[in-house]
Amino acid sequence: MAAAAAAAAAAVVPTPPGVDRRRPRRGGSMEAGRERLQDDGVRTLTSAEQTKVEDIVQEVFDVYKTNHHDSQFLLHRDKHFHYLKRGLRQLTDAYECLDASRPWLCYWILHSLELLEEPIPESVASDVCQFLSRCQSPSGGFGGGPGQHPHLAPTYAAVNALCIIGTEEAYSVINREKLLEYLYSLKQPDGSFIMHIGGEVDVRMAMEEAVAVTPVVALEDYCSDTVGYPVGYHSNTYWVTSRQMRFEGGFQGRCNKLVDGCYSFWQAGLLPLLHRALHAKGDPALSMTHWMFDQQALQEYILLCCQCPAGGLLDKPGKSRDFYHTCYCLSGLSIAQHFGSGELLHEVVLGVPENRLQPTHPVYNISPDKVVQAVMHFLKKPVPCPKEESAAN
């Protein structure tokens, strides 16, 4: 009786907030470990939407199994390349709403091309450099388009795009002195950053400033007090790994949200960083061959559910392709294919060998080689100092 009572009590213990009640994936083939949502007989709008997505994904899996007996997953490289190549020269009217995000479009397309190992013609690279130069504000930083007010988000995108091009012309576009002055104008007394003059504090801006801009201005002390809060590595790891969907294999953005191809990078890209942090702390449970998520399941989701037949990648089946999802689906696919580097390099490429993408740096999300090249270039330059400090000195 006591045992039965204890079991009954355990059965009604509420699930802690944020904990996914579905059973963990077991990994393996497409069939093994896929677990549908268990709604405990309580149907809600959220559970209904999740079930609908799982049904659609199941249809995709069934069609694949019916038509591909050899189980060869294929990345449609040529179609993606032509979609991206057209986007660098001409955009449809559908992109008019992104007029204030044009440096982002440059970055999304250029990074996708480098992941696919498609070279950028010199003339195209030069045109991109000249365009981004026109997006740069005389007061420092980059706007969302020529003549627009500077903003940290397109500044991040523009710097990344120029570092991907990696030529002297590209590096020389960045006015480092004015950029540093602009960053100082956005920095708040508590170490946070506003997105633009007169804007709101946004934690993303601290990340974008520290990640992309600081290596360019070569100032370690500048952002030393930007992020000084203790990090619960194990708590973060638990939260991020719980975001991989048990049925679809892709990632959701947060609890009770649907799978989305862009989170293939935004979530999976965190795990190499957490892996490194835990390894530095001597965590004995870490694998030295795999990241802390189901790399094969993520590749299955991207290759089967996120590729548009005409080229480009997308959120989930039924959604439209765009350059944003193309960039971050391919970035997540790259993270899932490559573990570590050097002697610890271990690759898990699902499907044909031609599916292999270039590695991407989990911090900067550009090629690791381009990160090293940019850092070495700017380290040779004198460290810029703001106008006020220069006058004082």
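Every letter in the sequence shown is one number past the one before it in my numbering, and letter 26, counting from 1, is 28. For glycine and all other residues, C-beta sits at the position ideal for the given N, C-alpha and C. None of these values were measured; they are calculated from a predicted model.
So, are the CB atoms of residue i and residue j less than 8 Å apart?
i	j	result
Gln-301	Leu-352	yes
Leu-346	Thr-328	no
Leu-260	Glu-51	yes
Ser-330	Phe-267	Rather than Ser, the amino acid found at residue 330 in this sequence is Tyr. Their beta carbons are under 8 Å apart, which means Tyr-330 touches Phe-267 by this criterion.
Val-175	Leu-115	no
Ile-317	Cys-257	Checking the displayed sequence, the identity of residue 317 turns out to be Asp instead of Ile. Not a contact, by the Cβ cut-off of 8 Å.
Met-294	His-281	no
Ala-159	Tyr-97	no
Pro-384	Leu-182	no
Ile-368	Cys-99	no
Gly-334	Ala-279	no
Glu-356	Arg-91	no
Ala-163	Pro-105	yes
Phe-341	Thr-291	yes
List the endpoints of the continuous alpha helix (DSSP H) containing residue i.
i	result
Pro-384	That residue, Pro-384, is in no alpha helix (DSSP H); it is neither H nor E in DSSP.
Asn-69	47–69
Pro-274	272–282
Asn-2	Outside the shown range of the chain (3 to 395) lies residue 2, about which nothing can therefore be said.
Val-44	Premise fails: Val-44 is in no alpha helix (DSSP H) and is neither H nor E.
Lys-180	178–188
Glu-171	170–175
Tyr-366	Segment: none, Tyr-366 is in no alpha helix (DSSP H) and carries neither H nor E.
Trp-2	With the chain running from 3 to 395 in the structure shown, residue 2 is simply not present.
Ser-266	265–268
Ser-237	235–243
So, for residue i: in the same chain, excluding its five sequence neighbours on each side, which residues have a beta-carbon less than 7 Å away from its beta-carbon?
i	result
Pro-152	Ser-139, Ser-141, Gly-142, Gly-143, Phe-144, Gly-145, Tyr-184, His-198
Glu-222	Residue confidence is low: Glu-222 scores 45 on pLDDT, short of 50, so the model does not pin down where it sits. Its coordinate-derived value is still stated next. Same-chain partners within the cutoff: there are none.
Tyr-231	Here the model assigns Tyr-231 a pLDDT of 42, short of 50, so the residue's position is not dependable, and the following value carries that caveat. There are no such residues.
Ser-336	Leu-117, Leu-359, Gln-360, Pro-361, Thr-362
Leu-273	Val-242, Trp-293, Met-294, Phe-295
Arg-24	The predicted model places Arg-24 with a pLDDT of 37, which falls under 50 and marks its position as unreliable; any figure quoted below should be read in that light. Correct list, in chain order: Glu-37, Leu-39, Gln-40, Arg-248.
Gln-297	Ala-338, Val-350
Ser-226	Confidence at Ser-226 is low in this model, with a pLDDT of 41, below 50, so its placement is unreliable and no value can be given for it.
Gln-375	Gly-168
Suppose the cutoff is 6 Å on Cβ atoms and the five residues either side in sequence are ignored; what does the same chain contact list for residue i look like?
i	result
Ala-127	Ile-167
Ser-103	Gly-146
Val-203	Ser-194, Ile-196
Pro-26	A caution first: Pro-26 carries a pLDDT of 41, below 50, which makes its placement in the model unreliable, though a value can still be read off. Closer than 6 Å at Cβ, skipping near neighbours: no residue.
Leu-86	Ile-111, Ser-114, Leu-115
Gly-30	Unreliable positioning characterises Gly-30 in this predicted model, as indicated by a pLDDT of 47, which lies under 50. The coordinate reading is nonetheless provided below. So no residue of the chain qualifies.
To the nearest whole angstrom, what separates the beta carbons of residue i and residue j, a pair I think is in contact under 8 Å?
i	j	result
Val-130	Cys-307	Incorrect: roughly 31 Å between the Cβ atoms, too far for contact.
Leu-76	Val-354	6 Å
Val-205	Val-161	That belief does not hold up - the Cβ atoms of Val-205 and Val-161 are roughly 19 Å apart, past 8 Å.
Ignore the nearest five residues each way along the sequence and tell me which others in residue i's own chain have a CB closer than 8 Å to its CB.
i	result
Met-378	none
Val-21	Unreliable placement is indicated for Val-21, whose pLDDT of 37 sits below 50; the coordinate value is still reported in the next sentence. Same-chain partners within the cutoff: Ser-244.
Gly-89	Leu-107, Ile-111, Phe-325
Phe-83	Leu-115, Leu-118, Glu-120, Gly-313
Asn-238	Leu-272, Leu-276
Asp-101	Gly-146, Gly-147
Arg-323	Tyr-85, Cys-310, Ala-312, Gly-313, Gly-314, Leu-315, Leu-316
In chain order, which alpha helix (DSSP H) runs of at least 4 residues are fully inside the stretch 73–126? 79–91, 104–117, all fully within the stretch 73–126.
Segments of 4+ residues assigned as alpha helix (DSSP H) that fall wholly inside the stretch 298–352: 325–339
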